[in-house]
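Residue numbers (my numbering): 913 to 1182.
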C-alpha cells in the first residue's frame, strides 16, 4: 500500500479517485526541472507503485505552469567536471528513473499542463497515454545545449510514436512543438480545454479502472513487449500466453458475467 503521508522533496503523491494515484512533479519555482534527488524519488515511487495492487492507473503531471523543464541547469553546471564514468553513472541514474516509470505495470497517463522540454519530454514518452492542455508544448532541446537527441529513451520511443522522419526533424532542429501540432502528430492523444485537463484525465482513468485489472495489466505488457520483438509469430505467442493466463483468473470470470448481463443483441433478425 502506497504511503501517501510519506514526504518527498521533489514530488507529491495523491489519490484523487479510487484506484488512481497521481504523481505531481513539485518544483514549480524551477518549472519542475529534474535533479538527482528527483531521479531518486521517481525511481523509488515507481517501484513502490509497481507492487501496490490497489493502484490501477498512474497519472503524472506538473505543479504550477510547467510539466517539466528538463534537467535543472544549476545541477548541470557540475557535469563537465565529472569523469567519463562519473557522467555515465549520472546518465544511468536518470535512465533508471524514467525506465521505472515506463515499467509500472498499470497504465500511465501524462497530464501535460505546460512545457515539457528535454528530459521532461522524455518523461512524457514513458507514459502510455498523453493528454495536454493548450499550454502544453514539447521541445527535444538536447542539441541546443550540445547533447544528443538520443537521450533517456527519446531516440527509441519518439520515432515509434510519430514516425522517424518527423522525429528526426524535431530532434535535429530542437524546435518547439505546440499543443495543436502535438495532437495532430500523435504526440498527444487528446488536447483538452484550458481548465479541464485533470478532469478529463481522471475521467479516462476511471474508464480504465472499470475494466478487469488483470486484463489491463496483461494488455500493457503485450503492447510494450510487442514493440520490441521482430516477428508476428512471436507477438502471437506472447498474446496467446497472456490470454490463457487470464482465463484462470477470477477477474475474467467476473468481467464476462457482468458483460453478459448487460449485453444487448446486435442482430435481431430471428
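Ideal placement from N, C-alpha and C gives every residue a C-beta, glycine not left out.
- Judged by pairs of C-beta atoms under 8 Å, the stretch 1014-1033 touches the stretch 1041-1060, as three or more such pairs exist.
- Using a Cβ distance threshold of 8 Å, residue 1021 and residue 1113 count as a contacting pair.
- Distance from the CA atom of residue 1008 to the CA atom of residue 939, rounded to whole angstroms, is 20 Å.
- When only Cα atoms are considered, residue 1139 and residue 1098 end up about 17 Å apart.
- As the crow flies, the alpha-carbon of residue 942 is around 39 Å from that of residue 1141.
- In the displayed model, residue 921 falls within coil according to three-state DSSP, outside both helix and strand.
- C-alpha of residue 985 to C-alpha of residue 944: approximately 12 Å in a straight line.
- A direct Cα-Cα distance of roughly 14 Å separates residue 1136 from residue 1144.
- When beta bridges are read from the DSSP output, residue 1042 appears opposite 1022.
- In this chain, the beta strand (DSSP E) harbouring residue 970 covers 969-974.
- Short of 6 Å from the beta carbon of residue 1115, and not among the five residues preceding or following it, lies no beta carbon of its own chain.
- Under DSSP, residue 1036 shares a beta bridge with no residue.
- Between the alpha carbons of residue 1150 and residue 1038 lies a gap of roughly 22 Å.
- Each residue's CA atom was taken as its position, placing residue 996 and residue 933 some 38 Å apart.
- The DSSP-derived three-state label of residue 1071 is helix.
- Following the DSSP letters along the chain, one finds residue 940 in no beta strand (DSSP E), marked with neither H nor E.
- The continuous stretches of beta strand (DSSP E) do not include residue 1016, and DSSP gives it neither H nor E.
- Secondary structure remark: continuous beta strand (DSSP E) runs of at least 3 residues inside the stretch 1079-1163, in chain order: 1088-1090.
- Approximately 23 Å separates the beta-carbon atoms of residue 1094 and residue 1016; this is outside 8 Å, ruling out the contact.
- Here the stretch 948-967 lies against the stretch 919-933, with 3 or more beta-carbon pairs under 8 Å apart.
- If you check the CB distance, residue 1034 and residue 1066 come in under 8 Å.
- The three-state secondary structure of residue 994, taken from DSSP, is coil.
- In the structure shown, residue 1009 falls within a helical segment according to DSSP collapsed to helix, strand and coil.
- Judged by DSSP in its simplified three-state form, residue 1028 adopts strand.
- The Cβ atoms of residue 1106 and residue 1045 lie closer than 8 Å to each other.
- Per DSSP, the unbroken beta strand (DSSP E) holding residue 1050 starts and ends at 1049-1051.
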